[in-house]
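Each remark here refers to the structure printed beneath this line.
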Amino acid sequence: MGKQAILKNPLRPQLVPPVHKRRMTNVELSRRVGISAPPCLRRVRSLEEDGIIQGYRALLEEKRLGYDLMSFAMVHLISQAETDLAAFQDKIDKWPLVRSAWMLSGDIDFLMLCVAPDLRTFQNFVLEITAAPNVRNVKTALTLKQAKNAPIVPLEATTPPRLPQAPQD
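Mapping of the sequence shown onto the numbering used here: position 24 corresponds to residue 542, and the numbering continues sequentially without gaps.
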């Protein structure tokens, strides 16, 4: 299924339902879309097979699970050679307190979203990051509250973005 087909897909406006306490069933989705359940399921499976839908996640309340601290750690490396960047990425994958991470351009090489049960645990973790090979420095920013948490792709937008057109012969 091509990108244009995805954007014109009748499921598109219904892919992001209002926040629910559970996953929407295929029957509920098919009613919202206005098609019967079998073709709706085929379209969802097609989106999964094409990698558009990459998976499903439960949204967990981190504070109720004992993670009272959320922070961003901004890491500046000594070397940005490809092997050094890859080695640091491997390190990130092994740190359970890092929940998301991005490689950036500019002064900061990596931005990591971290959780910890308390400040002492996070401080110890920052020391571990700082001691990692090739790390020049680490800056942190503790979060006060989350102002917005929306899916990465704005499917609720009324008009889809313009996709680049293939060159015409």
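Note that the Cβ used here is the ideal one computed from N, Cα and C, for glycine as well.
Look at residue 642 here: in three-state DSSP terms it is helix. Under DSSP, no beta-bridge partner is assigned to residue 554.
Between residue 616 and residue 591, the C-beta gap is smaller than 9 Å, which places the two residues in contact. Here residue 592 is bridged, per DSSP, to 629 and 657. If you draw a 10 Å sphere on the C-beta of residue 647, you find 16 or more other C-beta atoms in it, and that means buried. With contacts defined by Cβ atoms closer than 9 Å, residue 667 and residue 596 do not form a contacting pair. Inter-segment contact for the segment 573-592 and the segment 618-636 is present: three or more beta-carbon pairs are separated by less than 8 Å.
Around the beta carbon of residue 637, a 10 Å sphere encloses fewer than 16 other beta carbons of the protein chains shown; the residue is thus reported as exposed.
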